[in-house]
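Here's the structure we're looking at; comments come further down.
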Amino acid sequence: MDTLWDVARDCARVPGTPSEDVARTFLETYSWDVIADRAREVTRVGDETLMDDVTALCEKMSSTVVGAESLSESLDATRGRDAVDAWLRSSDARVVRLACGLVGAVFARGRDARRVRALGEATRSGLARVLVRGSTETASLASKALLSFSGRAIEGLEETLRAVLETARTEGANGEGNARALAFAASAASASDAAAEIVVRSGSLNQCVREIESEDLLAASAAMEILAEVAESSPGAASGLRRVDSLSDALERIALDESGDIGVRMRAIVVGARIAATSTSGDDALVKDATRTLLELSNDEPSRDVLDAVAEAAGAICLSNASVAGAFVTKARKLVFDVAHRALRGSGQSQVVALHSMANMFGAERGDDRSIGVDAEAILADACFTACGPKTFGDVVFAAISVKSDHFLDLRVAAYRLIGALGARRPFAEEIAAHPECRRTLCQERERVSVAATFRARALEALSRAEIADQAARAEFASAVSAPSPRNRVVARPDVDVAHR
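Residue 349 in numbering that gives the first Met the number 0 sits at position 350 of the sequence shown; the count goes up by one each step and never skips.
If you want it as structure tokens, here you go:
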């Protein structure tokens, strides 16, 4: 048997996945039952190095189709399932990790649907326990395994959800354990509309809504992010979440609670807007509730932190649907003017957030779906030009993009993104075209940082499409778009998360 461990050591040191033929030859010599027996001996002896080699061997063999199928046959027997259950209960994290990986391999690559279903039902409670109570790494593997099982046998998803949530309740889980359970439900909902419907029916989302008002601030913040991810995962999940009646009220209470933790309040403000943004119409109740909450917050002379959160939320609610964006802009005119002022006359990170927010209102991420209606367009244009005050729009843009220091990278990216969203509109393009220094900076002073170069190119492309009278300027914009870019420097990506929410 020493030869087996010699092979394990060699396998651990060879990168990549073995071929199907190599896996077949190996498993004809050493079956999974033999490997499991010897692995238990290694566990008892406590040889850590050898255990790492065994783990690597098992992971590589199970990553092949023939290995997963052979493992499926081995675990189909009672003895095999009992062994896996014992490993899932082990106090050694490496043993638990190995068990989760092997079971997950069968779920992902096993060909026999009956065996997959039988193994999933046999290991469901053990995997749920690891997901809730295990280390971060093992919990992630357990969640991945359960999601693979649910993908293969969606009819068992409701029972899996019940097992995970019940384990979180009965195992004395802390805030992190509860968050893991709810995150699993969110991940399951994102798989398909059918899965989302099962998650909604299970009551998992209702539990998540209750969690956002928890006294555990970590749990509350995590639950809010999970709800936002659910809303954005699929139309079915978003529709199900919007049917949870208590959601809007809970988020509003947290956002307006001046005595509450500022971090949790800010997340509630933004998350409420992200959820409302998944609505299909500006007349949706969630859109109206979120708009009312943001208006109330902006009218109460809030702190800078809350104002930043309100600006980010205003952009988030306008991100993906033109109907929702148009309704928000027309109903929140004063707030739109406030955000425009912070974007074009502000400073620091607050200005960056506001610039991204205005870009969202103008449709930066909506593709061809940018038509928000004549009234909303007029409000946005009026808000921008009013915010410029005695300066021209070209003056304001030039000030934002002219300083090429890396310290102002976030500001330049945000400004380019706004230009990319509104540059095709004639009034704005004409003001930029009429500003020689702004034109020269946009067209000639190319960015050497990848993310800034990308958004600068989008800004120039938008300007080249504008129907402006100065055809020479339009041609200059188009020429700058097609000009070869210098080799981009690799630097840390600036914080443009709001651009993608």
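C-beta: ideal position from N, C-alpha, C; glycine also. Bear in mind that the values here come from a model prediction, so they are computed numbers and not experimental data.
>> By the three-class DSSP mapping on this structure, what secondary structure does Ala498 have?
In response: Walking along the sequence shown from the start, residue 498 turns up at place 499. Its pLDDT being 42, under 50, Ala498 is placed unreliably by the model, and the measurement read from it follows with that caveat. Ala498 falls in the helix class under three-state DSSP.
> Taking C-alpha atoms, which residue in Thr137, Ala121, Met60 lies nearest to Arg108?
Replying inline: The residue given as residue 108 occupies position 109 in the sequence shown. For the residues Thr137, Ala121, Met60, the minimum Cα distance to Arg108 belongs to Met60.
> Can the beta-carbon of Cys437 be found less than 8 Å from the beta-carbon of Ala479?
Replying inline: Locating residue 437 in the sequence shown gives position 438, counting from the first residue. Locating residue 479 in the sequence shown gives position 480, counting from the first residue. The answer is no: Cβ separation not under 8 Å.
>> Looking at the secondary structure, which residues open and close the alpha helix (DSSP H) in which Gly419 lies?
In response: Taking the first residue of the sequence shown as 1, we reach residue 419 at position 420. Looking at the DSSP string, the run of the alpha helix (DSSP H) that includes Gly419 is 408 to 421.
> How would you call Val505, buried or exposed, if buried means at least 16 neighbouring beta carbons within 10 angstroms?
Replying inline: Given that the chain is displayed from residue 0 to residue 500, the structure contains no residue 505 and the question cannot be resolved.
>> Quick check on Ile431: does DSSP put it in helix, strand or coil?
In response: One-based indexing of the sequence shown puts residue 431 at position 432. It is helical.
> CB Val65 to CB Arg23, shorter than 8 Å?
Replying inline: For the purposes of this step, residue 65 is taken as residue 66 along the sequence shown, with counting starting at 1. For the purposes of this step, residue 23 is taken as residue 24 along the sequence shown, with counting starting at 1. Yes; because the gap between Cβ atoms is below 8 Å, this pair is in contact.
>> For Ala92 and Ile253, I'd like the C-alpha separation in whole angstroms.
In response: Taking the first residue of the sequence shown as 1, we reach residue 92 at position 93. Taking the first residue of the sequence shown as 1, we reach residue 253 at position 254. Looking at the two C-alpha atoms, the distance is approximately 38 Å.
> Would DSSP call Glu47 helix, strand or coil?
Replying inline: Here residue 47 corresponds to residue number 48 of the sequence shown, with the count starting at 1. Helix at Glu47.
> What is the rounded straight-line gap between the Cα of Ala221 and the Cα of Lys333?
Replying inline: Counting from one through the sequence shown, the residue named residue 221 turns up at place 222. Counting from one through the sequence shown, the residue named residue 333 turns up at place 334. Between the C-alpha atoms of Ala221 and Lys333 there is a straight-line separation of about 32 Å.
>> Suppose the cutoff is 6 Å on Cβ atoms and the five residues either side in sequence are ignored; what does the same chain contact list for Phe465 look like?
In response: Taking the first residue of the sequence shown as 1, we reach residue 465 at position 466. Note that residue 465 is Ala in the sequence shown, not Phe. Excluding residues within five positions, the ones whose Cβ falls inside 6 Å are Ala423, Arg425, Ala428.
> Hey, which unbroken runs of the alpha helix (DSSP H) at 4 residues or more fall wholly within the stretch 293 to 343?
Replying inline: 303 to 316, 321 to 330
> When the Cβ atoms of the stretch 360 to 377 are set against those of the stretch 398 to 414, are three or more pairs found closer than 8 Å?
Replying inline: Contact fails: fewer than three Cβ-Cβ distances are below 8 Å.
> Whole-angstrom Cβ separation of Arg137 and Arg96, contact assumed at under 8 Å?
Replying inline: Here residue 137 refers to the residue found at position 138 when the sequence shown is read from its first residue. Here residue 96 refers to the residue found at position 97 when the sequence shown is read from its first residue. According to the sequence as given, residue 137 is Thr; it is not Arg. So it is a contact: roughly 5 Å between Cβ atoms.
> For Ala468, is the classification buried or exposed, using 16 other Cβ atoms within 10 angstroms of its Cβ as the cut-off for buried?
Replying inline: On the sequence shown, residue 468 is found 469 positions in, with the first residue counted as 1. Classification of Ala468: exposed, given that the 10 Å Cβ count is below 16.
> To the nearest angstrom, how far is it from the Cα of Arg200 to the Cα of Arg266?
Replying inline: Start at 1 with the first residue of the sequence shown, and residue 200 comes out as number 201. Start at 1 with the first residue of the sequence shown, and residue 266 comes out as number 267. In a straight line, the C-alpha of Arg200 is about 26 Å away from that of Arg266.
> By DSSP, does Gly133 sit in helix, in strand, or in coil?
Replying inline: For the purposes of this step, residue 133 is taken as residue 134 along the sequence shown, with counting starting at 1. Gly133: coil per DSSP, three-state reduction.
>> If you measure between the beta carbons of Arg116 and Ala162, is that distance less than 8 Å?
In response: Taking the first residue of the sequence shown as position 1, residue 116 is located at position 117. Taking the first residue of the sequence shown as position 1, residue 162 is located at position 163. Not a contact, by the Cβ cut-off of 8 Å.
> Is the stretch 47 to 61 touching the stretch 2 to 12 in the sense that three or more CB pairs, one from each, lie closer than 8 Å?
Replying inline: yes
>> Quick test of your reading: Leu87 and Leu126, contact by CB under 8 Å. State the CB separation rounded to the nearest angstrom.
In response: Taking the sequence shown and counting its residues from 1, one reaches residue 87 at position 88. Taking the sequence shown and counting its residues from 1, one reaches residue 126 at position 127. Correct: roughly 7 Å between the Cβ atoms.
> Which of the three DSSP states, helix, strand or coil, is assigned to Asp5?
Replying inline: Here the question's residue 5 lines up with position 6 in the sequence shown. Three-state DSSP puts Asp5 in a helix.
>> Using 8 Å for Cβ pairs, my map puts Ala218 next to Ala178. What's the rounded Cβ distance?
In response: Here residue 218 is taken as the residue at index 219 of the sequence shown, counted from 1. Here residue 178 is taken as the residue at index 179 of the sequence shown, counted from 1. With a Cβ gap of about 6 Å, Ala218 and Ala178 count as contacting.
>> Tell me which residue opens and which closes the alpha helix (DSSP H) that Thr63 is part of.
In response: In the sequence shown, residue 63 corresponds to position 64, counting from 1. Thr63 -> no alpha helix (DSSP H), and no H or E assigned at all.
> If we call anything under 8 Å between Cβ atoms a contact, is Val352 one with Asp307?
Replying inline: Stepping through the sequence shown from its first residue, residue 352 is reached at position 353. Stepping through the sequence shown from its first residue, residue 307 is reached at position 308. Going by C-beta atoms, Val352 is nearer than 8 Å to Asp307.
>> Mapping the DSSP letters down to three states, classify Asp20 as helix, strand or coil.
In response: Position 21 of the sequence shown, counted from the first residue, corresponds to residue 20. In the three-state DSSP reduction, Asp20 falls in the helix class (H, G or I).
> In its own chain, which residues sit with a C-beta less than 7 Å from the C-beta of Gly150, not counting the 5 before and 5 after it?
Replying inline: Here the question's residue 150 lines up with position 151 in the sequence shown. Within the same chain, Gly150 has close Cβ partners Ala190.
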